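Quick note on numbering: UniProt numbering labels position 70 of the sequence shown as 70, and the sequence is numbered without any gaps.
Idealized CB from N, CA, C, for every residue including glycine.
Source: prediction; values computed, not measured.
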Amino acid sequence: MQSLQLDMIQYDCPYIRTTYDHDVTFYTQHWEFRHDRRALESRMLVTGKSNEDLTQALKRLEDEKKLKDLTVLERKLEQPKSTRGSTRRTR
Numbered sequence: 001m002q003s004l005q006l007d008m009i010q011y012d013c014p015y016i017r018t019t020y021d022h023d024v025t026f027y028t029q030h031w032e033f034r035h036d037r038r039a040l041e042s043r044m045l046v047t048g049k050s051n052e053d054l055t056q057a058l059k060r061l062e063d064e065k066k067l068k069d070l071t072v073l074e075r076k077l078e079q080p081k082s083t084r085g086s087t088r089r090t091r
């Protein structure tokens, strides 16, 4: 068996185009090229600076013609940090 290790950037990728307009980052957790279907299947973690950036980025991907299917498996929103109960001292 022959093998090859690649480091590649694909500028026409829907994920890269989405980052041009929305402050989001994609972290690939798993991908597999399905030769039988000539399709790339991937699982990603997507982070955004805000809930709005994340929501708009996902909407853009849903409208992407090159993506056949997009399923959100889980969504976690960070709660704003509260200063209630803090022990901040003033002089």
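Environment of residue 61 [buried if 16+ CB atoms lie within 10 Å]: Locating residue 61 in the sequence shown gives position 61, counting from the first residue. Buried.
CB contact flag (residue 26, residue 8, <8 Å): Here residue 26 refers to the residue found at position 26 of the sequence shown. Here residue 8 refers to the residue found at position 8 of the sequence shown. No, the pair does not count as a contact, with Cβ atoms beyond the cut-off.
Residue nearest to residue 75 in terms of C-alpha spacing, selected from 55, 33 and 3: Against the sequence shown, residue 75 aligns to sequence position 75. Relative to residue 75, the option among 55, 33 and 3 whose CA is nearest is 55.
Sequence ranges, alpha helix (DSSP H) only - wholly within the region 14-85, length at least 4: 14-21 and 51-62
Neighbour-count burial assignment, residue 22, 16 or more Cβ in a 10 Å radius: As a position in the sequence shown, residue 22 is number 22, starting the count at 1. Looking at its Cβ environment, which holds 16 or more other Cβ atoms inside 10 Å, residue 22 is buried.
Within 8 Å, strictly: CB atoms of residue 57 and residue 46: Taking the first residue of the sequence shown as 1, we reach residue 57 at position 57. Taking the first residue of the sequence shown as 1, we reach residue 46 at position 46. Yes, the pair counts as a contact, with Cβ atoms nearer than the cut-off.
Reference residue 13, options 78, 67, 1 and 52, closest by Cα: Looking up residue 13 in the sequence shown gives position 13. Answer by Cα proximity: 67.
Own chain residues within Cβ distance below 6 Å of residue 70, not counting five before or after: Within the sequence shown, the letter at position 70 stands for residue 70. 61 and 62.
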